[in-house]
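Quick note on our numbering: the sequence shown kicks off at 41 and runs consecutively. Following: one structure in C-alpha cells, then a few remarks.
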Amino acid sequence: MFIRKVAEKRYHKIKIVLEPEASSMFLRDNPFHFTERMHIEPFRPGQCHILVDIGAGTSDKVTEDGNLIEILSAGIHEGGEQINKSFFNALEELFFAEVFNEFKKDNMRLHMLEKDFEEIKHKFKPIDGIPNVLQLDDKLLKLLRIQEANNLKCF
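Now the structure itself:
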C-alpha cells in the first residue's frame, strides 16, 4: 500500500489497478475465446467473460463500443491487504490510538514494521510449531511508556 501511494503521488499519469482489473483490461484489448472447435476468436459485443481469483470472481460484459461493464463482483476482500489492516488495527488497539498514530508519523519506521510483518506472513506455517516473532520498534515501546507515565500523572 505504501509503494502504491508513493507511485501514484509521484507519477500523476500512473494508475495502479488490482490484478482482476488488469486481467479484464487485457481481455478487453486482446479479446479472445475458444469456439466449440477450439479455435480462438475475438469476443463479440454482449459476450461475457469471468475472471476467477482465489476466493473471488468478477463478471464483466463487453459493450458495443468495446468497454467493460462489471456485472458481478462476487469476491470478498480477505487477501493480504485485509490481513495487514486487521493486524495494524490490533496494534492500534493494543498500544492505544494516540500512541500508534504518533508512531505512524515516522514513515520509515512504519514502512519497516510493514516489511517485517510481510516477511512473517510469507514464512508463517501453523503446522511446523515454530513461533513467528515480530520485533516491535523501540520507538513504539518508548511512546507507550510515555503514554503510561502521562496516564499515571492524571491520578
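In this text, a Cβ means the ideal position worked out from N, Cα and C, and glycines have one as well.
Of the residues the options, which one's Cα is nearest the Cα of residue i?
i, options, result
"Pro171", "Lys161, Asp178, His151", "Lys161"
"Ile186", "Glu142, Lys155, Arg68", "Glu142"
"Gly120", "Met65, Asp177, Glu159, Met148", "Glu159"
"Asp177", "Asn191, Glu104, Asp146, Asn190", "Asp146"
"Glu154", "Ala137, Asn191, Asn129", "Asn129"
DSSP on residue i, reduced to helix/strand/coil?
i, result
"Glu104", "coil"
"Ile160", "helix"
"Ile111", "strand"
"Gly95", "Any answer about Gly95 is weak, because its pLDDT of 49 lies below 50 and its placement is not dependable; what the coordinates show is given next. Residue state, collapsed to three classes: coil."
Within a Cβ cutoff of 6 Å, which residues of the same chain sit near residue i, ignoring the five residues on either side of it in sequence?
i, result
"Gln175", "none"
"Glu188", "none"
"Phe135", "Leu184"
"Ala139", "It is Val, not Ala, that sits at residue 139 in the sequence shown. These residues qualify, in order along the chain: Leu183, Leu184, Gln187."
"Glu61", "none"
Using a Cβ-Cβ cut-off of 8 Å (strictly less than) and excluding sequence neighbours within five positions of residue i, which residues of its own chain qualify?
i, result
"Phe157", "Asn124, Phe127, Leu174"
"Leu181", "none"
"Lys144", "Leu150"
"Cys88", "Ser99, Asp100, Lys101, Val102, Ile111"
Contact defined as beta carbons within less than 8 Å: I believe residue i pairs with residue j. What is the distance between those atoms, to the nearest angstrom?
i, j, result
"Val102", "Arg68", "7 Å"
"Pro82", "Glu104", "Contact doesn't hold; Cβ gap of about 14 Å is too wide."
Which same chain residues end up closer than 7 Å to residue i when comparing Cβ atoms and leaving out the 5 residues on each side of it in sequence?
i, result
"Leu131", "Phe140"
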